[in-house]
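Have a look at the structure below, then the notes.
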Amino acid sequence: GENAFVSHAHADHAVRKAGSLLCSKATLDLMQARGYSPQCANAASEFKQDDLCVTLSSSGHVLGSAQLHAKWDSTSFTYTSDFKLGDSLTCSGAKVAKCEELLIEATYGLPRYRFPPREQTRKEMADWAKRRQSSGDVVLLGGYSLGKAQEIVKLLNDYCDTAPIVPKDIADVCRIYTAHGVKLDFLDAESNEGIKAMKHSFTAVIPHHKMTPQLASDAAALYCKRVSCAVATGWAMNSVGSERFKSFCLSDHADYSELVRYAEESGAKKVFTTHGYATELAADLRKKGINAIPLGQGRKQKTRIGL
Numbered sequence: 016g017e018n019a020f021v022s023h024a025h026a027d028h029a030v031r032k033a034g035s036l037l038c039s040k041a042t043l044d045l046m047q048a049r050g051y052s053p054q055c056a057n058a059a060s061e062f063k064q065d066d067l068c069v070t071l072s073s074s075g076h077v078l079g080s081a082q083l084h085a086k087w088d089s090t091s092f093t094y095t096s097d098f099k100l101g102d103s104l105t106c107s108g109a110k111v112a113k114c115e116e117l118l119i120e121a122t123y124g125l126p127r128y129r130f131p132p133r134e135q136t137r138k139e140m141a142d143w144a145k146r147r148q149s150s151g152d153v154v155l156l157g158g159y160s161l162g163k164a165q166e167i168v169k170l171l172n173d174y175c176d177t178a179p180i181v182p183k184d185i186a187d188v189c190r191i192y193t194a195h196g197v198k199l200d201f202l203d204a205e206s207n208e209g210i211k212a213m214k215h216s217f218t219a220v221i222p223h224h225k226m227t228p229q230l231a232s233d234a235a236a237l238y239c240k241r242v243s244c245a246v247a248t249g250w251a252m253n254s255v256g257s258e259r260f261k262s263f264c265l266s267d268h269a270d271y272s273e274l275v276r277y278a279e280e281s282g283a284k285k286v287f288t289t290h291g292y293a294t295e296l297a298a299d300l301r302k303k304g305i306n307a308i309p310l311g312q313g314r315k316q317k318t319r320i321g322l
């Protein structure tokens, strides 16, 4: 089979079969935990052949996520994959790589997507959660099962002194994070502790796609309590919601300012943009004197790459 680079363990980036796999150990562990165990002859975090050298470095997106760096002859190339430069509670930010050619994601490639400081958003989320907890509500927070959910768990641990209840798919990922040195306190919803905790007011972290008004209504009827919901996503720039159904601007992707910063600081002579607002970002970079070319004309894919 062909060789494959897997930047991280989100479903739309994982592979099922490859002759040889290039990825981090954490990504391999996460794929296995999430049921994406690839069939491959071997897996490694670097590759060398003749004068070609391929290495990986953290992309700051989720645990194990990686940028790809290739060097041959006098040429160097970097693919950022999904990335962010700022640190989160569970993942250090990416470092800008100097290169001749750069392939960069453009999920939030419009000037309007300049995110507030992460610490500011974390405090706002924690304050909201504590208000709803003190009101006796069932508190539900939504985030993508890999990455965002773990940051929310860590936020609740550190800022609210709360070990949230999580479903099995999020619990499985949390255990891999802990095994790789990111300690997370949580209750598996299927455990005796989790079942007992749900007999009272509780706080839970659930997959983003399950966070709907219907879920809130069903939960209120089931637990006979008021339910308050919130999601964490960069798309909260478009809508902040209400006190009882809140959106917080917290993303695992670089915002517009970080995208431009990476392109400029890389010193790349040619920049290719991909995903999201690739065309718009490339046009803005060209205005700054950077030779930028969009790959494909696809618009943003909110449900797949925007969390």
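In terms of our numbering, the sequence shown has 203 at position 188, counting the first letter as 1, and numbering is strictly consecutive. Don't be surprised by glycine CBs; every beta carbon is placed ideally from N, CA and C.
**Proximity winner among HIS268, MET252 and CYS244, relative to GLU258 (alpha-carbon distances)** = The count along the sequence shown starts at 1 and reaches residue 258 at position 243. Taking only the C-alpha atoms, the option nearest GLU258 is CYS244.
**Prompt:** What's the gap between the Cα of GLY196 and the Cα of GLY79?
**Reply:** Counted from its first residue, the sequence shown places residue 196 at position 181. Counted from its first residue, the sequence shown places residue 79 at position 64. When rounded, the separation of the alpha-carbon atoms in GLY196 and GLY79 is 12 Å.
**Request:** Measure the C-alpha to C-alpha separation of GLU115 and GLU279 and round it to an integer number of angstroms.
**Result:** As a first step, residue 115 is located in the sequence shown; it is residue number 100 there, counting from the start. As a first step, residue 279 is located in the sequence shown; it is residue number 264 there, counting from the start. Cα to Cα, the separation comes out at about 12 Å.
**Prompt:** Smallest Cα separation from VAL153: which of TYR277, TYR123 and VAL242?
**Reply:** As a first step, residue 153 is located in the sequence shown; it is residue number 138 there, counting from the start. Ranked by Cα distance from VAL153, the options TYR277, TYR123 and VAL242 are led by VAL242.
**Request:** Can you tell me which of LEU71, SER107, MET46 and LEU161 puts its alpha carbon nearest to the alpha carbon of HIS223?
**Result:** The count along the sequence shown starts at 1 and reaches residue 223 at position 208. If you compare the alpha carbons of LEU71, SER107, MET46 and LEU161 with that of HIS223, the shortest gap goes to LEU161.
**Request:** Please report the residue range of the alpha helix (DSSP H) in which TYR238 lies.
**Result:** Here residue 238 corresponds to residue number 223 of the sequence shown, with the count starting at 1. TYR238 -> alpha helix (DSSP H) spans 228-238.
**Request:** Go through its chain and collect everything with a Cβ distance to ALA85's Cβ below 6 Å, but skip five positions before and after it.
**Result:** On the sequence shown, position 70 is the one that residue 85 refers to. So the qualifying residues of the chain are VAL69 and PHE92.
**Prompt:** Which residues share a DSSP beta bridge with ASP203?
**Reply:** Position 188 of the sequence shown, counting from 1, holds the residue named residue 203. Beta-bridge pairing links ASP203 to VAL181.
**Asked** Is THR227 buried or exposed, if buried means 16 or more other CB atoms sit within 10 Å of its CB?
**Response** Residue numbering aside, residue 227 sits at position 212 when the sequence shown is read from its first letter. When all chains shown are included, THR227 counts as exposed.
**Request:** Look at the Cβ atom of GLU273, then the Cβ atom of GLY124, and state whether they are nearer than 7 Å.
**Result:** Residue mapping note: residue 273 aligns to position 258 of the sequence shown, counting from 1. Residue mapping note: residue 124 aligns to position 109 of the sequence shown, counting from 1. Not in contact: GLU273 and GLY124 (Cβ atoms no closer than 7 Å).
**Request:** Look up TRP250 in the DSSP assignment and give the residues it is bridged to.
**Result:** Translated into the one-based positions of the sequence shown, residue 250 becomes position 235. Under DSSP, TRP250 shares a beta bridge with no residue.
**Prompt:** Within 7 Å (strictly less), CB to CB, does ARG146 reach chain C?
**Reply:** Absent here is chain C; the protein component of the structure consists of one chain.
**Request:** Report the partner residues of VAL286 according to the DSSP bridge assignment.
**Result:** As a working mapping, residue 286 is identified with position 271 in the sequence shown. In the DSSP assignment, the residues bridged to VAL286 are LEU117 and ALA307.
**Request:** Using 10 angstroms around the beta-carbon of GLN165, count the other beta-carbons present and answer buried if the total reaches 16, otherwise exposed.
**Result:** Residue mapping note: residue 165 aligns to position 150 of the sequence shown, counting from 1. Answer is buried; the Cβ neighbour count reaches 16.
**Request:** For THR294, name the three-state secondary structure that DSSP assigns.
**Result:** Sequence index remark: in the sequence shown, residue 294 carries index 279 (1-based). THR294 falls in the helix class under three-state DSSP.
**Message:** Please return the same chain residues whose Cβ sits closer than 8 Å to the Cβ of GLN148, not counting the five positions on each side in sequence.
**Reply:** On the sequence shown, position 133 is the one that residue 148 refers to. Closer than 8 Å at Cβ, skipping near neighbours: VAL154, CYS175, THR177, SER216 and THR218.
**Asked** Can you tell me whether DSSP reads ALA56 as helix, strand or coil?
**Response** Indexing the sequence shown from 1 puts residue 56 at position 41. Summary for ALA56: the model assigns pLDDT 47, below 50, so the residue's position carries little reliability, and this model does not support an answer.
**Message:** I'd like the list of long-range same chain contacts for LEU156, defined as Cβ closer than 6 Å, with 5 residues on each side in sequence excluded.
**Reply:** The count along the sequence shown starts at 1 and reaches residue 156 at position 141. Take LEU156, set aside five residues on each side of it, and the residues of its chain with a beta-carbon closer than 6 Å to its own are ILE167, VAL220 and ALA245, in chain order.
**Asked** How far does the alpha helix (DSSP H) with CYS175 in it reach, from first residue to last?
**Response** Taking the sequence shown and counting its residues from 1, one reaches residue 175 at position 160. First-last of the alpha helix (DSSP H) with CYS175: 163-175.
**Message:** Is the separation between the beta-carbon of THR122 and that of GLY304 shorter than 7 Å?
**Reply:** The residue you call residue 122 lines up with position 107 of the sequence shown. The residue you call residue 304 lines up with position 289 of the sequence shown. No, the Cβ-Cβ distance between THR122 and GLY304 is not below 7 Å.
**Request:** Can you say whether LEU83 is buried or exposed, counting buried as having 16 or more other CB atoms within 10 angstroms of its CB?
**Result:** The residue given as residue 83 occupies position 68 in the sequence shown. So LEU83 counts as buried.
**Neighbour-count burial assignment, LYS138, 16 or more Cβ in a 10 Å radius** = Residue mapping note: residue 138 aligns to position 123 of the sequence shown, counting from 1. Its Cβ having fewer than 16 others within 10 Å, LYS138 is exposed.
**Asked** Is the beta carbon of LYS324 less than 7 Å from the beta carbon of GLY282?
**Response** Here the chain has residues from 16 to 322 only, and residue 324 is not among them.
**Beta-carbon contacts of VAL265 that lie in its chain and below 6 Å, excluding the five residues immediately before and after** = The residue given as residue 265 occupies position 250 in the sequence shown. Reading the sequence as shown, one finds Leu at residue 265 and not Val. Excluding five sequence positions before and after LEU265, the CB atoms of its chain that fall closer than 6 Å to its own CB belong to THR136 and ALA247, given in chain order.
**Message:** Taking 7 Å as the threshold (C-beta atoms), are PHE287 and LEU118 in contact?
**Reply:** The sequence position of residue 118 within the sequence shown is 103, counting from 1. The sequence position of residue 287 within the sequence shown is 272, counting from 1. Taking 7 Å as the cut-off, the Cβ atoms of LEU118 and PHE287 count as close.
**Asked** Can you tell me whether DSSP reads ALA24 as helix, strand or coil?
**Response** Mapped onto the sequence shown, residue 24 falls at position 9. When secondary structure is reduced to three states using DSSP, ALA24 falls in the coil class, being assigned neither helix nor strand.
**Asked** Would the beta-carbon of ILE328 fall within 7 Å of that of ALA212?
**Response** This structure leaves residue 328 out entirely; the chain is present only between 16 and 322.
**Message:** Here's the rule I'm using: 16 or more other beta-carbon atoms within 10 Å means buried, otherwise exposed. How should ASP102 be labelled?
**Reply:** Counted from its first residue, the sequence shown places residue 102 at position 87. Burial call: exposed.
**Item:** Same chain only: Cβ atoms within 6 Å of VAL203, ignoring 5 sequence neighbours per side
**Value:** In the sequence shown, residue 203 corresponds to position 188, counting from 1. Residue 203 is actually Asp in this sequence, not Val. Around ASP203: ALA186 and GLY209.
**Message:** Short of 6 Å in beta carbon distance, which residues of its chain neighbour ALA293, apart from the five on each side in sequence? Order them along the chain.
**Reply:** Position 278 of the sequence shown, counting from 1, holds the residue named residue 293. Once the five neighbours on either side are set aside, the close Cβ partners of ALA293 are ALA121 and PRO309.
**Request:** Would you mind giving the Cβ-Cβ distance between ASP267 and LYS40, rounded to the nearest angstrom? I have them listed as a contact below 8 Å.
**Result:** Translated into positions along the sequence shown, residue 267 becomes position 252. Translated into positions along the sequence shown, residue 40 becomes position 25. A Cβ-Cβ distance of about 20 Å is found for the pair ASP267 and LYS40, leaving them out of contact under the 8 Å criterion.
**Message:** Quick check on GLY256: does DSSP put it in helix, strand or coil?
**Reply:** Reading the sequence shown from its first residue, position 241 is the one you call residue 256. Collapsing the DSSP output to three states places GLY256 in a strand.
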